[in-house]
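For reference, the structure discussed in these notes is given below.
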Amino acid sequence: MRLWDRLKSWFGAVTRRSRMESEMDAELRFHIEAFAEDLMRGGMARQEALRRARLEFGGIERAKEECREARAVNFVDSLLQDLRFGLRMLGKTAGFTGVATLTLALGIGANTAVFSIVNSVLLKPLNYPKAEELVALHQVAPGAAGLADFENGLLLSPSMYFTYAEQNHAFQSLGVWVAGTANVTGVADPEQVRTAEVSDGVLHTLGVPPQIGRWLSPVDQIPGGPERVMLSYGYWQRRFGGDRSAVGRNLTVDSRPREIVGVMPQGFRLVDAEFDVIVPLAFDRGKLILAGFGYQAIARLKPGVTLAEADADLTRTLPIWMDSWSNGPHTDPHVYETWRITPKIRPLKREVLGNVSDVLWVVMGTIGLVMLIACANVANLLLVKVEARQQELAVRAALGAGRGRIVRGLLIESLMLGLMGGTLGVAFANGGVRRLLAMGPANLPRLSEIWLDARALGFAVLLSLLSGLLFGLIPALKYSGSRASLTLGSAGRSMSRSRESHRARSVLAVGQVAMALVLLVSAGLMIRTFRALRRVEPGFTDEGHLQILRISIPDSLVKEPERVTRIQNEIVDNLAAIPGVRSAGFVSKMPMEGFDTPWDAIYARDKVYPDGAIPPLHLFKYVSPDFFRTAGTRIVAGRGLTWTEVYGLRPVVMVSENLAREMWGTPSAAVGKQLREFPSMPWHEVIGVIEDVRENGVQEKAPETVYWPSLMDNLYGPGNRGAVRTVTFVLRTERAGTAGFLNEVRQAVWSVNSSLPLASVRTMQEVYDKSVARTSFTLVMLGIAGAMALVLGIIGIYGVISYTVSQRQREFGIRLALGAHPGNVLKMVLRQGLKMAMAGVVIGFGGAFALTRLMTSLLFGVAARDPATFVAVAALLVLVALLACYLPARRAMKVDPMVALRYE
Amino acid sequence: MDKKQMELLQGTLDLLILKAVSLGPLHGYGILLRIQQISRDRLEIQQGSLYPALYRLEHQGWIISEWGESENKRKAKYYRLTAAGRRKLQTEAEKWNRMADVIAGILQSTPEEV
Chain Y
5 MRLWDRLKSW FGAVTRRSRM ESEMDAELRF HIEAFAEDLM RGGMARQEAL RRARLEFGGI
65 ERAKEECREA RAVNFVDSLL QDLRFGLRML GKTAGFTGVA TLTLALGIGA NTAVFSIVNS
125 VLLKPLNYPK AEELVALHQV APGAAGLADF ENGLLLSPSM YFTYAEQNHA FQSLGVWVAG
185 TANVTGVADP EQVRTAEVSD GVLHTLGVPP QIGRWLSPVD QIPGGPERVM LSYGYWQRRF
245 GGDRSAVGRN LTVDSRPREI VGVMPQGFRL VDAEFDVIVP LAFDRGKLIL AGFGYQAIAR
305 LKPGVTLAEA DADLTRTLPI WMDSWSNGPH TDPHVYETWR ITPKIRPLKR EVLGNVSDVL
365 WVVMGTIGLV MLIACANVAN LLLVKVEARQ QELAVRAALG AGRGRIVRGL LIESLMLGLM
425 GGTLGVAFAN GGVRRLLAMG PANLPRLSEI WLDARALGFA VLLSLLSGLL FGLIPALKYS
485 GSRASLTLGS AGRSMSRSRE SHRARSVLAV GQVAMALVLL VSAGLMIRTF RALRRVEPGF
545 TDEGHLQILR ISIPDSLVKE PERVTRIQNE IVDNLAAIPG VRSAGFVSKM PMEGFDTPWD
605 AIYARDKVYP DGAIPPLHLF KYVSPDFFRT AGTRIVAGRG LTWTEVYGLR PVVMVSENLA
665 REMWGTPSAA VGKQLREFPS MPWHEVIGVI EDVRENGVQE KAPETVYWPS LMDNLYGPGN
725 RGAVRTVTFV LRTERAGTAG FLNEVRQAVW SVNSSLPLAS VRTMQEVYDK SVARTSFTLV
785 MLGIAGAMAL VLGIIGIYGV ISYTVSQRQR EFGIRLALGA HPGNVLKMVL RQGLKMAMAG
845 VVIGFGGAFA LTRLMTSLLF GVAARDPATF VAVAALLVLV ALLACYLPAR RAMKVDPMVA
905 LRYE
Chain G
26 MDKKQMELLQ GTLDLLILKA VSLGPLHGYG ILLRIQQISR DRLEIQQGSL YPALYRLEHQ
86 GWIISEWGES ENKRKAKYYR LTAAGRRKLQ TEAEKWNRMA DVIAGILQST PEEV
């Protein structure tokens, strides 16, 4: 209430300024006249009485001024004055203003851009109602060798899902899902779409209501029941033009008509997956076994349940799971006890973000350092400017301006500079965010949610003000500190004063060099990382000339496995016949394609396995003849597959080099050995050993891999004669990626079967680039930050040295006149620069030592304290600093003694 | 000027103004007269400092002003105490009395007491 009154009085005073003035006049006039009348009553003449009254009252103007101050009107008034004056000063030194604004704008722009990404990706909650309750049912199995490398840990099997869903006490709901692809036919051209196959409970857990229609319901999950499907908003728009009557119509997915029951709203994602259609998993409970660990699980915690409690709850249900299901007759369900399955439930947000937060925080940190350097630079410029304005400030002080008022004036100027830089910076940020997204890692989660929102704008404003305060405070304090001794006469030439502020500038320059060193070391480490990645042999060669595409042949289209292989064979032949294609083949999955193929254990004939123990799991891949030659994957020992062996269902197999070494010591020893997946499978002879392939990215260890023929008597399980139906075709050609070539590729495929859609048509170059995108993104960001830091730091040193030289011109003149060798003068100046650079390097070493450890997880093939990088960067900095000193030093050397002496 | 007049102690003008207007609305000049009258002309008040004090007190909400007509039919600004101002006056007066007691006690102390 009181505050309100005061504000009202203040506001009234400010807005009704002229009324207040006239009222004040009237009141004081009344006082004088009343006083005079009293005096006249005592017999004084009117003129004399008025004079006496005024005299006794004292300074009327001072009283008025104090009245205004009492109402805090003055503050606003003088603030407006300072603002106007500040603007005029900035306008008068347009060059300085331009440079400072641009420097700040770059810093603020870069920071705001990166912040808006950090904000959208890391800080904002996920786009689901009550997202904090959502968790991913992550679990690890340290006893399951082979699976331990999995980034995903041990996924759930369908039976596990049923046990968890029915036995848990910790969750409101839970469900499992898996991403995949399917062919949609019958609407227009055949098309491969991205699917999300979900169990009951998934949509319920996420809690996002459909745009139109309804969710998939428990009824839709009954095998053999009515077949239903949901659409994503994007697919609904694309395929049905957003027609509401799409609900209720049929969509033919993998040759089966399914009724569309609903459309999910725009922007809805299943955890991190984008999809076109949602299909029910419809598990057949009667046929489930313990195994089949291929499903991601999400759940919604009951209110108040902690992650640890939920972990304990699931751990409790694991024995129930092993008791309720089996892997078939004569198998021990409790064998999984040796896997030591341990639930490690984590917030869904962490699951979605993965390890991207490391990158973003490192980038944010480095960009923040650039901001500090920019501030230091502007502070340096301001110091010089204030120096030049000593005379003006001294005059103002002499005319009665208080120290506070002058300091405030200087601060207002720098705040205005900050805001101007901020305004321009936001414009930069807007463009910057778009550019960042364009070159950013394509696998950056929540990419579509990134934009320059109110929080990012608030950040920009705050940053502008803070930086304005930061770089403004240094000269302002420095100035007010040396104020006392200043007299008008010495304002132009006082030496002791300039040494004072000169030290401030040197400290700033040293700080800049130190920060630049930190940034350059980080950038250097990223460069080394990138080069180390480039040197890794990924298991394929010349990726720019490798065209890949995926084709799926559903069993609703072609039933017999042999027919599938024939069709695939024909496609390979047709593709190989395209002019310019040197060879072609196919494989169940190319390296770094971003999804997983099956893993399982294998048994070698010449090894003994203790009862019940499960040997390590290995990656299974299925290949066609000629695939290795096409991809450029070396055959280390033995030979590749032939079509005769494929069609003849011959028991042959190939293994990766690391697998061969682990089991038999050398690659050549492996050739001729025999292995199988399960007891009822005939022994398969190892005919070839293949070089290790970096399946999950260049940084990741190559998994031990078994290569089977694509057509087998026991595919995925005992007695299941089958062909791998979804495969990646690979073509070696100089024409990879060109439009005309892709047309011919399509014709070649469709001449075999016109209802086969081509999906994921890419070159291996794109796949490879995507897999190193995180590193190259970090590299580019740190590179930009490092370059900015280097330039700003060098400008800082140059500024300081060149200013000292101009200050010491007279001294140099005298030295030269007394016979000093010009070379000595040059050395003197260089030594000063060198001292600053060295000091910066030493301090920077400390900082870099502490900070680069934080980026360990981003590095590959180089230590966080790589001495070579440290030394090289330090040398570079010192060298460039010396160069920056050389120009002013040469000026010092060429000082004409006569001119210098006359100068002062 | 009368030799017996004392200069006002720092910070006491506000208290005196509040006291003066607590007895009824007054214009600035009236407040001056009232204080001089109550103090029987023993206090010297700088007229120039009266108005800034009035503005400050009004800004703080202890007193409010309105324009009215003076005894000789002229427009004058009258000040009167607000409810908050009345409370303020009371607490300030108590504080002042306590302070005066303490000071007086100290000054009256004899060497034996110390």
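Chains as they are written, first to last, in the working numbering: chain Y, 5 to 908; chain G, 26 to 139. By construction, the Cβ of each residue, glycine as well, lies at the ideal position given by its N, Cα and C atoms.
Y/Gly692 - partner residues in DSSP beta bridges: Y/Gly642, Y/Met658
Would you mind reading off the limits of the beta strand (DSSP E) that contains G/Ile70?
It is not in any beta strand (DSSP E) - G/Ile70 carries neither H nor E in the DSSP assignment.
- Message: Counting only C-beta atoms, is G/Lys100 closer than 9 Å to chain Y at any point?
- Response: yes
Review point. Between which two residues does the alpha helix (DSSP H) containing Y/Tyr613 stretch?
Key: Y/Tyr613 -> no alpha helix (DSSP H), and no H or E assigned at all.
inquiry  = Quick check: the Cα distance between Y/Ser486 and Y/Val833, rounded to an integer number of angstroms?
reply    = For Y/Ser486, the predicted model reports a pLDDT of 49, less than 50, meaning its position is unreliable and no value from the coordinates is stated.
Can you list, in chain order, the residues of its chain with a C-beta nearer than 7 Å to that of Y/Ser672? Leave out the 5 residues immediately preceding and following it. Ala641
Legend entry - 4-residue-minimum alpha helix (DSSP H) runs that sit fully inside the region 38-111 of chain Y, ordered along the chain: 50-61, 64-74, 77-96
Next on the checklist: Given this structure, state the Cα-to-Cα distance separating Y/Arg273 from Y/Ala135, to the nearest angstrom.
Outcome noted: 13 Å
*CB of Y/Ser587 within 9 Å of CB of Y/Arg750, strictly*: no
* Is the beta carbon of Y/Asp717 sitting closer than 9 Å to the one on Y/Leu653? -> yes
Using beta carbons (cut-off 9 Å, strictly below), is Y/Leu32 in contact with chain G?
yes
Legend entry - Burial state of Y/Phe682 (16 or more Cβ within 10 Å): exposed
- request: Whole angstroms is fine: what's the gap from Y/Met326's alpha carbon to Y/Gly850's?
  value: 55 Å
For this session: Tell me whether Y/Asn747 is buried or exposed, calling it buried when 16 or more other Cβ atoms sit within 10 Å of its Cβ.
Result: exposed
State the DSSP-derived secondary structure class of Y/Lys389, mapped to helix, strand or coil.
-> helix
Restricting to Cα atoms, I'd like to know which of Y/Gly701, Y/Phe39, Y/His142 is closest to Y/Lys348.
Y/His142
Quiz item: Whole alpha helix (DSSP H) runs in the region 709-766 of chain Y with 4 or more residues, listed along the chain?
Solution: 743-754
With distances taken Cα to Cα, identify the nearest neighbour of Y/Asp315 among Y/Phe119, Y/Ala140, Y/Gly179, Y/Pro227.
Y/Ala140
Exercise. Whose CA, out of Y/Leu440, Y/Lys128, Y/Val845, lies closest to the CA of Y/Val356?
Worked result: Y/Lys128
Report task. Tell me whether Y/Thr370 sits in a helix, a strand or coil according to DSSP, three-state version. Result -> helix
Query raised in the report: Does G/Gly53 come within less than 9 Å of chain Y when only Cβ atoms are used?
Result: yes
List the DSSP bridge partners of Y/Arg350.
Y/Ala140
- Query: Under a CB-based cut-off of 9 Å, is G/Pro50 close to chain Y?
  - Reply: no
Y/Pro213 classed as buried or exposed, judged by whether at least 16 other C-beta atoms fall within 10 angstroms:
exposed
To the nearest angstrom, report how far apart Y/Asn172 and Y/Val363 are at their CA atoms. 36 Å
At which residue ranges does the region 43-102 of chain G contain complete alpha helix (DSSP H) runs of 4 or more residues, listed in the order of the chain?
-> 53-63, 72-85
*asked:* Under 9 Å, Cβ to Cβ, is there at least one residue of chain Y near G/Ala45?
replied: no
- [ ] Could you name the residues of the region 55-85 of chain G whose beta carbon sits closer than 9 Å to any beta carbon of chain Y, in the order they occur along the chain?
- [x] Gly55, Leu57, Leu58, Gln71, Gln72, Gly73, Ser74, Leu75, Tyr76, Pro77, Ala78, Leu79, Tyr80, Arg81, Leu82, Glu83, His84, Gln85
Practice task
Label Y/Val122 either buried or exposed according to how many other C-beta atoms from any shown protein chain fall within 10 Å of its C-beta, with 16 as the threshold for buried.
Solution key: buried
Worksheet item: Sorted by chain position, which residues of the same chain lie with C-beta nearer than 6 Å to Y/Arg739's C-beta, five sequence neighbours on each side aside?
Response: Gly584, Phe745
inquiry  = Using only the alpha-carbon positions, how far apart do Y/Gly741 and Y/Thr873 sit?
reply    = 38 Å
Subject >> Spatial neighbours of Y/Met44 in its chain, beta-carbon cut-off 8 Å, leaving aside the 5 residues before and after >> reply: Arg50, Ala53
With a 10 Å radius around its C-beta and 16 neighbouring C-beta atoms as the bar for buried, classify Y/Val612 as buried or exposed.
exposed
*Starting from Y/Arg400 and walking both ways along the alpha helix (DSSP H), at which residues does that stretch end?*
394-402
Please look up how many angstroms separate the CB atoms of Y/Gly179 and Y/Asp204, rounded, as I've assumed it's under 8 Å.
-> 6 Å
Q.
Check whether chain G comes within 9 Å of Y/Ala53, counting only Cβ atoms and requiring the distance to be less than that.
A. no
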